[in-house]
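Participant:
Numbering (my numbering), first residue to last: 550 to 1133.
1) Where do the N-terminal and C-terminal ends of the beta strand (DSSP E) with residue 629 fall, by residue?
2) How long is the line joining the alpha carbons of residue 898 and residue 1008, rounded to whole angstroms?
3) Tell me the rounded alpha-carbon separation between residue 994 and residue 903.
4) Could you have a look at residue 689 and say whether DSSP puts it in helix, strand or coil?
5) Just to confirm before moving on: does the CB-CB distance between residue 736 and residue 766 stay below 8 Å?
6) Indicate the three-state DSSP secondary structure (helix, strand or coil) for residue 998 in the structure shown.
7) Quick check: the Cα distance between residue 584 and residue 571, rounded to an integer number of angstroms?
8) Using the three-state DSSP reduction, which class does residue 717 fall into: helix, strand or coil?
9) Can you check whether the CB of residue 631 is closer than 8 Å to the CB of residue 604?
10) Output needed for residue 669: all residues of its chain with C-beta closer than 8 Å, excluding positions within five of it in sequence on either side, in chain order.
11) Is the distance from the Cβ of residue 645 to the Cβ of residue 661 below 8 Å?
12) Do three or more CB pairs link the segment 859-878 to the segment 703-716 at distances below 8 Å?
13) What residues are listed by DSSP as bridge partners for residue 1103?
14) Confirm, please, whether the CB-CB distance from residue 828 to residue 859 is below 8 Å.
15) What did DSSP end up calling residue 1043 once you bin it into helix, strand or coil?
16) Contact check, residue 1080 vs residue 1100 under 8 Å by CB: the rounded distance?
17) Pick helix, strand or coil for residue 767, following the three-state DSSP scheme.
18) If the criterion is Cβ atoms closer than 8 Å, does the pair residue 998 and residue 1036 meet it?
19) Tell me the residue span of the beta strand (DSSP E) that contains residue 643.
20) Which one or two residues does DSSP pair with residue 863 in a beta bridge?
21) With distance defined between alpha-carbon atoms, name the residue in 722, 782, 740 nearest to residue 770.
22) Can you list, in chain order, the residues of its chain whose CB lies under 8 Å from that of residue 723, leaving out five sequence neighbours each side?
23) Tell me the rounded alpha-carbon separation between residue 996 and residue 690.
24) Kindly indicate which residue of 751, 984, 905, 879 has the alpha-carbon position closest to the one of residue 917.
25) Taking C-beta to C-beta, are residue 647 and residue 653 nearer than 8 Å?
26) Could you give the DSSP three-state label for residue 1098: helix, strand or coil?
27) Note down, in chain order, each residue of its chain lying with its Cβ closer than 8 Å to the Cβ of residue 611, except the 5 sequence neighbours on either side.
28) Residues in its own chain within less than 6 Å of residue 1105 by CB, not counting five upstream and five downstream?
29) Roughly how many whole angstroms lie between the Cα atoms of residue 1024 and residue 1004?
30) Where does residue 618 fall in DSSP's three states?
31) Give the DSSP-derived three-state secondary structure of residue 662 in the structure shown.
32) By DSSP, does residue 655 sit in helix, in strand, or in coil?
33) By the three-class DSSP mapping on this structure, what secondary structure does residue 747 have?
34) What is the DSSP secondary structure of residue 895, counted as helix, strand or coil?
35) Apart from the five residues on each side of it in sequence, which residues of its chain come closer than 7 Å, Cβ to Cβ, to residue 755?
36) Ignore the nearest five residues each way along the sequence and tell me which others in residue 686's own chain have a CB closer than 6 Å to its CB.
Here it is, written out as structure tokens:
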């Protein structure tokens, strides 16, 4: 049977300094830890005034705390820190808790102290760095109800003082641009849930000047629970200003290219006309013309063009014109994408039903000729044809019934290319119009995604690509469905598989270099919209073509309001020519 252990022996084994003081602050007991922490033997301290070894600048404060506890004017559940002298003349930082006789049953006040010198010095170094930094260092409680730390830079960047933040921890939101506030609140919610964040947003108002800040954030997790959130905010306004300046230079460069290539194209056309004129003269001379038909400007006459010369020049001219046209088209595509990206608008809750309708309308307006369209609502759970899609590198999904939900037009099995008629009839298209594109959209009602307002442009780009690249009558189906915390927008087509180099480029699985490159500007637009919305883009194939799926955060999983409807009534530039951002 074990002998009873002396409690004093157990206390001596503790690594914290444990002492007992009387009402006057005189040592009545010290455990063995005073040797390791202070370098004194316990007997050296018994009977001494404990406050004599407190650092002079801290002494009055520490004595006031102790006296308030003895008088019953202060709670004992809050630790306090101070510097204390050691036997060799140095100073250590102690964090002390005081327990009253009522709590312990001991005749005296029990003080437990821990050496926190390294912690305090580390914190002081951080505070020194933070005080000298233009970045805003911050830490809040997990629910953002308490400010734990912020440096003085917060007033320069956010225009709010640290004192104000202590009283109203979320008052910094008042400085956030109204359009970006839902975006910031969503990031705050993600941090509270234990997710890392990295956001750029504006400070300021719609009428006044704005400042751009970049704010990475991290949750502080202890024992599996989020106990705090921390990060910093950096003013990146100059970076955005430089980007705008580069955009201006890009516009000037593309304007110069456009003008010069128009000259090249026009000159090539003149050459082609002169060659054609000379050929006609030669043909006339060969049939009985005379020297009066000689071209005074060139001196050409009968037989002036060598055999095959006119054909060779014509081929070269056509090559020049084709390359010039391609270069001009590429410049226009780039212009469309850059204009959208330079708007720097933040994600927000977007109702997808009107966004899909707007996308279909864009394609219809831009297409040369009629388009048969049908946009319908689906009941919850009906729009499930996209399930199984979602591999960024491209996979194959079941497709037996992908074109049944809206009767999007494919061959009916007879092989004569006749498309199903109900969508065409709805658009006033006859069965004889076999080349008319068929577009069908199915969307669950009231589905919202937390995404960039350019989502309708991205959907329109995918549909336009499908229409432009179909080798037979274009048939496209758009399915929108909400699955848990994600909204999937799937675009099915009957095109040849999207080239792997273009899929891989936009999913970061393939690096462009001077030899290999992709001109899929449209797919880049779709990728950027998805990426900046916190979503993803995936490519799959089915038996008849491709399935491209945009996966976006479900706005209804967050406490976000003010649903936006991107139907052209906002401040975005109207798309006059969708081909300017196509994927040709």
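Ideal Cβ positions, reconstructed from N, Cα and C, are used throughout, including at glycine.
Facilitator: Let me lay it out:
1) 629-634
2) 16 Å
3) 10 Å
4) strand
5) yes
6) strand
7) 21 Å
8) coil
9) yes
10) 630, 642
11) yes
12) no
13) 998
14) yes
15) coil
16) So it is not a contact: roughly 11 Å between Cβ atoms.
17) strand
18) yes
19) 640-648
20) Residue 863 pairs with nothing; no bridge assigned.
21) 740
22) 709
23) 33 Å
24) 984
25) no
26) strand
27) 600, 603, 629, 631
28) 997
29) 21 Å
30) helix
31) strand
32) coil
33) strand
34) coil
35) 727
36) 679, 700, 781
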